[in-house]
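I have placed the structure first, in the form of C-alpha cells, so that the comments after it can refer back to it.
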Amino acid sequence: MSQQENLPFEERYYQPPYKALYRESMEYPEKFWRKMAQELEWFSPYEKVLNDSNAPFFRWFEGGKINVTYNSLDRHLKERGNKVALIWENEKGENRSISYLQLYNEVNKFAYALQQLGVKKGDRAVIYLPLMPELPIAMLALARIGAIHSVVFSGFSVQALVDRINDAKAKLVITTTHTLRRGKRVELKGIVDQAVEQTPSVEKVLVIKRDEEPKINEKRDVIYQELTRRMPYKKVEPEETSATDPLFILYTSGTTGKPKGIFHLHGGYGLWTYLTTKWVFDLRDNDVFFNTADIGWITGHSYIVYGPLQNGATTLMYEGVPDYPSPDRWWELVEKYGVTVFYTSPTAIRTLMRYGEEWVKNHDLSNLRILGSVGEPINPEAWRWYFKNVGGSQLPIVDTWWQTETGGIMISATPGLGNYMLKPSANGLPLPGVDADVINEEGLPAKAREKGYIVVKRPWPGMLAGVWNDPDRYIKTYWSKFQGLYYPGDYAVKDEDGFFYILGRADEVLKIAGHRIGTREIEDILISHPAVAESAVIGVPDPVRGEVAVAAVVLKQGHSPNEQLKKELEDYVKKNLGAIVVFKGIYFVTKLPKTRSGKIMRRLVRAVISGQNLGDTSTLEDEASVEELKKAIEEFTKEIREQQKP
Ligand code: WT7
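281 is the number that the numbering used here gives to position 296 of the sequence shown; each next residue is one higher, with no gaps.
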C-alpha cells in the first residue's frame, strides 16, 4: 500500500455529552443552571439562581414561582394525556393503570377534598399509606395546594409515627385500613388510632377505604370515599408556590434518638429529580420504569413519583414483597408490563439470589435496557449475579449513590448522557453540577485509593433545605466536620480514573436492608422497656441484609436474663419502631463500657464483638468492666458463631 493513501484516521474522538456538560456545570454554573431550569415550566421567573448569602442555608431560584405538580401533571396533558402515568399491582395480581389525564383528575379531586377539610398552604399532613395509588395521589394533591407532606413508611410502628407527627405538628393524617404482606393483613388504621392518642396537633384522620368498611371515630375520622361521593368535580388550580416553598418533610435517622426532618423545596428538588431521572435512567416515551422501593423512603419520592412524572414517563409501583407468592414475582411483572428500566437494592438482589437463577430464567426480560442499584454498597457477588442473570451480561448497572438529604442521585453512571462506563462495585462519576471529592481526616484531598470521607464542595439544587425545626442540627450534622463542605457521613475512595466507591456509613447509623436506622433510636426504645436500664446497639455484617443490629443490655434490679426476655425485647423494638429492625442478637451484661463523662463506648463493644484489638482504652471509666464485658461478649459471640455453623 502506498504511503500517500488517504486512510480515514481521526485524531479527535467523540465524547459522550456527559463530559462537556460536567465541565460546563463546574466552569459556568450560573449559565448551566439557567439552561437546565428552562426545561421546566415556571409561573414566573426567578431572580437569582443561587442565593448563598445565608450559607449554609442556600436557596435556589429565589423569587421564582413553580409547582412541582404542574410539571408532573398539567404540563403533560396536551401531549401525553392518555399515556399511562402509573401502573399499580398488588400481591394478588389486582392492578390499575392510570393515565396522565386520569391521574390529573384524581389529584384534583383529592386536592378539593383536602380543601374541604381545611388544609391550607404551609400546613403539614402525614401520610401513612402502603404502596397504593392513593399514596402518590395524596402527595401530589397536598403539593398542589402548597401543603407539605410527610410520608411515614407504613412498616414503621406507633412510636415512630408519633414522633414524626409531633415534630411536623401535622394537622391531618392520611391512612387506610390495611395492606397485604405475604398474604397476611397488616393493620394500619389500628396503629394510627394508637398514635393519634399522643399527637395533639392532629385534627382529622382521612381514611381511604379498601375492601371493607373501616371502623371509625366519628369525631375525628373522615372516610375519603364518603367525603368525595357527593362532591362536585372541581379543578383545583395549582398553588403558585415559590421555588423556595417546602414541598415535603421526610424523616430519616441520625446519630441521636430523634429522627431528622429533612425538608425539600418545590424548585430545586423538582429540578434535580427531573434532571437526574433523565441523566441516569434515560427515560424515553416508550419506557416503563420499575423502581421496587417504597414511597415511604426518598427513593420512592424521587424515582417513583416526582422524577418519572416530571419526565412524563410510565412508572410501575408494586404493593408486595419480591418473593411472594413465589420468588419470581418481580420478573413476572417485568415480563408482563415490558419493563425497560429496573431499579432495586442490593439486599433484594441477595435475597433473590438465594432462591437460585431458575426463577429469573423462566421469564422473558428482553425489554430491559438499564438496571440500577441503590441504598447500600453492592458486593461483587450480588453485582455479578444481577449483571448475568437479570441483565443477560450486557446491561449497564447504574449504582447510584445519594441520600435523603441530597434529594436525588449524586454519583452514578449516566446512560442518559451517553456515559455507560462501569466498574463493578464502583458508583462512578459525579453527575453534572456535583462537585464531589474524597478528603482525609485532616481535610486534605485523599490520594487515589486512600480511604476518606466523601464531601460535596458546592451547593446543588436537590440539596436539603434544612432540618425541620432544628437549624442548629442542620449546621452541626452537615456543615461542621469540614468547614464550608457538605458532609454526608459516608466513607469513600476514589481511583485513578476519578471513579468513586462508597464504602459505608462513618457514623452511628445502621443500614439494615438498606434502611437507615440510628443506633440511638433503637437504644431509646430498649431503655423504655420496664426491664432495661441501659443498652448499647451496634451493627454487625449480615450476608443478606448487609448489616443487622446487636444489642448489649443491662437489666434493672429485679430482672434476670433469660431467653424469653430476649425475645420479648426484640418484639418490643419491632412493635414500637418497626419490623425493619432486625437483630442478630440481644445479650445481657452487668455494665457497659463508658467514658468518665458517661458516654457509652460503642467502639469497644464493636471491637470485642468483631474480635478486634480494643485500641485506646484510657478514657474508660471503669477498667474492671472491660474484662467482665469481654467475657460476656465472648460467650455471646461463641453463641453467634455456633448459630452460623452450617
Ligand atoms: C445512605 C443514604 C439514596 C436512597 C436510598 C437510601 C447509603 C445509598 C448507595 C450506593 C453505597 C449507598 C449511603 C448513604 N447508600 N446509596 N449506591 N452505594 N451506599 O437513602 O436512607 O437517606 O441513606 O445510603 O450510606 O449515605 P438514605
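C-beta: ideal position from N, C-alpha, C; glycine also. Predicted, not measured: the structure shown is a model, and the values here were computed from it.
Proximity test, residue i beta-carbon vs the ligand WT7 heavy atom, cut-off 8 Å
i, result
"Pro2", "no"
"Asn412", "yes"
"Lys496", "yes"
"Thr385", "yes"
"Glu361", "yes"
"Arg490", "yes"
"Pro244", "no"
"Arg581", "no"
"Gly499", "yes"
"Trp282", "yes"
"Gly474", "yes"
"Glu366", "no"
"Glu224", "no"
"Glu9", "no"
"Thr389", "yes"
"Ser29", "no"
"Ser595", "no"
"Ser358", "yes"
"Ile487", "yes"
"Thr237", "yes"
Integer-rounded CB distance, given that residue j should sit under 8 Å from residue i
i, j, result
"Gly376", "Leu402", "20 Å between Cβ atoms; not a contact."
"Val192", "Lys174", "6 Å"
"Ala534", "Gly140", "Incorrect: roughly 16 Å between the Cβ atoms, too far for contact."
"Ala132", "Val104", "5 Å"
"Pro244", "Thr237", "6 Å"
"Pro381", "Pro409", "The Cβ separation is near 11 Å, so there is no contact."
"Ile247", "Thr385", "Actually they are not in contact, since the Cβ atoms of Ile247 and Thr385 sit about 18 Å apart, beyond 8 Å."
"Asn56", "Arg44", "At roughly 19 Å, the Cβ-Cβ gap does not stay under 8 Å, so Asn56 and Arg44 are not in contact."
"Ile497", "Arg530", "6 Å"
"Ile512", "Val558", "About 11 Å separates the two Cβ atoms, so there is no contact after all."
Buried versus exposed, by CB contacts within 10 Å (16 or more), residue i
i, result
"Gln144", "buried"
"Pro(-7)", "exposed"
"Gln295", "buried"
"Thr602", "exposed"
"Glu119", "buried"
"Gly483", "exposed"
"Lys106", "exposed"
"Glu24", "exposed"
"Pro444", "buried"
"Ser582", "exposed"
"Ala40", "exposed"
"Pro528", "exposed"
"Ala592", "buried"
"Glu182", "exposed"
"Gly341", "exposed"
"Asp480", "exposed"
Member of the options whose CA lies at the smallest distance from the CA of residue i
i, options, result
"Gly474", "Arg(-3), Asn202, Val452 and Val441", "Val441"
"Ser29", "Ile512, Asn52, Leu429 and Gln87", "Asn52"
"Tyr31", "Phe95, Gly253, Leu414 and Phe42", "Gly253"
"Phe46", "Thr54, Tyr55 and Trp27", "Trp27"
"Asp420", "Glu(-4), Thr160, Tyr7 and Asn(-9)", "Tyr7"
"Glu320", "Val517, Gly524, Asn347 and Ser330", "Asn347"
"Leu488", "Tyr340, Gly437 and Leu116", "Gly437"
"Ala110", "Met117, Lys156 and Lys68", "Lys156"
"Lys94", "Arg129, Glu15 and Glu553", "Arg129"
"Glu222", "Asp480, Leu127 and Asn561", "Leu127"
"Met364", "Leu470, Pro526, Arg195 and Asp108", "Correcting the residue type first, residue 364 is Asn in the shown sequence and not Met. When only C-alpha atoms are compared, the closest one is Pro526."
"Met302", "Lys4, Phe568 and Ile72", "Ile72"
"Asp196", "Arg170, Ala431 and Glu426", "Arg170"
"Gly285", "Ile208, Gly360 and Glu342", "Gly360"
"Ile150", "Glu172, Arg167, Lys194 and Val177", "Val177"
"Leu250", "Thr240, Ser287, Thr262 and Arg269", "Ser287"
"Leu165", "Val137, Lys77 and Tyr55", "Lys77"
"Tyr(-1)", "Asp422, Asn404, Trp370 and Trp264", "Asn404"
"Gln100", "Tyr209, Val345 and Tyr459", "Tyr209"
Segment contact, 8 Å Cβ cut-off, at least three pairs: the stretch 211 to 221 with the stretch 1 to 11: Result no; under three Cβ-Cβ pairs closer than 8 Å.
I'd like to know if the stretch 283 to 295 and the stretch 333 to 346 are in contact, where contact means that at least 3 CB-CB pairs between them fall below 8 Å. Under the Cβ criterion (8 Å, minimum of three pairs), the stretch 283 to 295 does not count as touching the stretch 333 to 346.
I'd like to know if the stretch 446 to 460 and the stretch 323 to 331 are in contact, where contact means that at least 3 CB-CB pairs between them fall below 8 Å. Short answer: they don't touch.
Okay, do the stretch 455 to 474 and the stretch 495 to 512 touch, 3+ Cβ pairs below 8 Å being the bar? Output reads no: the stretch 495 to 512 does not touch the stretch 455 to 474.
Does the stretch 146 to 166 come within contact of the stretch 251 to 267, defined as at least 3 CB pairs closer than 8 Å? No: the two stretches stay apart, fewer than three of their Cβ pairs being nearer than 8 Å.
Say whether the stretch 536 to 548 touches the stretch 265 to 281, bearing in mind that this needs 3 or more beta-carbon pairs closer than 8 Å, one atom from each stretch. They do not touch, by the three-pair rule.
I want to know whether the stretch 303 to 316 touches the stretch 71 to 88 - three or more CB-CB distances under 8 Å. At 8 Å Cβ cutoff, the stretches touch.
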